[in-house]
Ligand SMILES: [Zn+2]
């Protein structure tokens, strides 16, 4: 029986492994051209990975290359800078 299915998609932060609603996480996508971008819409096609958005967690993900491993590619410096600015925990 499946009467208690979740109504919202749940994803896991690649760094701290916390599960949360997809829309509360930051989606990072490796696009078809091999670029890596932040995807606020959550709709870009490509291989996706999720971060919870806490700056500490993002820093750890970059340092340990968890994002690169999840996406199986190099994370461009430009994207690392963008991610560092995100910081969900500043307010
Ligand atoms: Zn996290």
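In the working numbering, the protein residues as written are 365 to 455.
Just so it is clear, CB atoms sit at the ideal spot from N, CA and C, and this is done for glycine as well.
Within 10 Å of its beta-carbon, does residue i have 16 or more other beta-carbons around it, so buried, or fewer, so exposed?
i           : result
residue 372 : exposed
residue 392 : buried
residue 395 : exposed
residue 413 : buried
Between the alpha carbons of residue i and residue j, how many angstroms are there, rounded?
i           : j           : result
residue 374 : residue 404 : 16 Å
residue 410 : residue 418 : 23 Å
residue 382 : residue 445 : 23 Å
residue 425 : residue 368 : 33 Å
Since residue i and residue j should fall inside the 8 Å C-beta cutoff, what is the C-beta to C-beta distance between them, to a whole number of angstroms?
i           : j           : result
residue 430 : residue 379 : 5 Å
Original post:
Residue ranges of each alpha helix (DSSP H) run of no fewer than 4 residues wholly in the stretch 369 to 436, ordered along the chain?
Top reply: 419 to 427, 430 to 435
**OP:** Decide if the stretch 434 to 443 is in contact with the stretch 396 to 404; the criterion is three or more beta carbon pairs, one per stretch, under 8 Å apart.
**Re:** yes
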